[in-house]
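Before any comments, here is the structure.
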Amino acid sequence: MTDNAKIVMEAVRAADHDRYLCALYAPEDKRDALLSLYAFNAEIAGIRDRIHEALPGEVRLQWWRDIIAAGGEAGAGNPVAEALNATIAASNLPKPAFENMLEARIFDLYDDPMPSRTDLEGYCGETAAALIQLAAMVLDPVEAPRFAELAGRAGCAQAMTGLLLLLPLHRKRGQCFVPADILAAVGSSPEEFVAGDGGPGAGGAVAAMIALAREHFSAFEQGASALPDSLRPAFLPLALSRAYLAKMERPGHSTLAGVARLSALRRHWLLLRRASQGWPAR
Numbered sequence: 059m060t061d062n063a064k065i066v067m068e069a070v071r072a073a074d075h076d077r078y079l080c081a082l083y084a085p086e087d088k089r090d091a092l093l094s095l096y097a098f099n100a101e102i103a104g105i106r107d108r109i110h111e112a113l114p115g116e117v118r119l120q121w122w123r124d125i126i127a128a129g130g131e132a133g134a135g136n137p138v139a140e141a142l143n144a145t146i147a148a149s150n151l152p153k154p155a156f157e158n159m160l161e162a163r164i165f166d167l168y169d170d171p172m173p174s175r176t177d178l179e180g181y182c183g184e185t186a187a188a189l190i191q192l193a194a195m196v197l198d199p200v201e202a203p204r205f206a207e208l209a210g211r212a213g214c215a216q217a218m219t220g221l222l223l224l225l226p227l228h229r230k231r232g233q234c235f236v237p238a239d240i241l242a243a244v245g246s247s248p249e250e251f252v253a254g255d256g257g258p259g260a261g262g263a264v265a266a267m268i269a270l271a272r273e274h275f276s277a278f279e280q281g282a283s284a285l286p287d288s289l290r291p292a293f294l295p296l297a298l299s300r301a302y303l304a305k306m307e308r309p310g311h312s313t314l315a316g317v318a319r320l321s322a323l324r325r326h327w328l329l330l331r332r333a334s335q336g337w338p339a340r
């Protein structure tokens, strides 16, 4: 493993440990490419946490646009950029997918409310779902196009689960990913949801978000048994989503105030089972 590859691997291990574990189940000759995608995703997903003002955040996203558009040696000296451009070239990945991902991440930098369920699904599609499909293209470019729709469902389920896990952080900084139409349906608003205890409709809004994530997860499961072994590592993060959602629904757990966690042993077991067995037919 090269020094750059080690840096990229450690970046994913630190910033996105679940995807790091998933990458370990990929064939050895595909791992570095997957890790480059996951490191890039972690980098752009974490911009707001590192750069606390929107305009410098947009400048950073533009830097990535320029690096990806230029390709080749662009980004030399940045291990993640170098690895990502090498992966894009070697796997012939579509650059517009990265452009759309970067465009979607602009939303992260501001406190604008998520307007509707449709907008949320679009955001999830351009971020988590796109990442799954790109990973699938790295693993098996012949089979990957057949499962683009399944990647969309998987990405929505995974991203919504992730947003629920991050609710305490988002509320603390006044950010609301729960769609305004869902909040309106329970008699709440984005402003009320992020303030104080979230208001009387907060519990209903969280329950509706969990139900939406489960809806997409169920749709994913209906087609997941058809996944070829070659694509399984790209979808492995879904092995943890159901367990996280179940944890959030346990009596006494407050998704608004606390992050649902799985033990290391539990995560390893869930990933091992799905990596070796896949998803059963439903």
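Everything in the sequence shown is counted per the working numbering, starting at 59 for the first residue and increasing by one. No residue lacks a Cβ here, since even glycine has one placed at the ideal position from N, Cα and C. Please read all numbers here as calculations on a predicted model, not as lab measurements.
Counting the other CB atoms within 10 Å of its CB gives His228 a total of 16 or more, which places it among the buried residues.
The distance from the Cβ of Pro114 to that of Asn62 is about 26 Å, inconsistent with a contact at the 8 Å cut-off. Straight-line measurement puts the Cα of Phe165 at about 22 Å from the Cα of Gly256.
For Thr176, the enclosing alpha helix (DSSP H) starts and ends at 175-182.
Taking 8 Å as the upper bound for CB-CB distance, Val236 and Met172 are in contact here, some 7 Å apart. Under the three-state reduction of DSSP, Tyr96 is assigned to helix. Here Leu270 is actually not in contact with Ala297; their C-beta atoms are around 20 Å apart, not less than 8 Å.
Around the beta carbon of Asn143, 16 or more other beta carbons lie within 10 angstroms, which makes this residue buried. With contacts defined by Cβ atoms closer than 9 Å, Arg325 and Asp76 form a contacting pair. Inter-segment contact for the region 211-230 and the region 168-182 is present: three or more beta-carbon pairs are separated by less than 8 Å. Remark: C-beta atoms of Ala193 and Leu95 approach each other more closely than 9 Å.
Going by C-alpha positions, Phe205 is about 42 Å away from Gly254.
Considered as a whole, the region 223-247 harbours 225-230, 238-243 as its complete alpha helix (DSSP H) runs of no fewer than 4 residues, in chain order.
Less than 9 Å separates the beta-carbon of Ala318 from that of Leu223. Taking 8 Å as the upper bound for CB-CB distance, Pro226 and Gly310 are not in contact here, some 16 Å apart. In this structure, the beta-carbon distance from Ala147 to Gly135 does not fall below 9 Å.
For Thr145, the enclosing alpha helix (DSSP H) covers residues 137-149. DSSP, reduced to helix, strand and coil, places Met172 outside both helices and strands of the structure shown, so it counts as coil.
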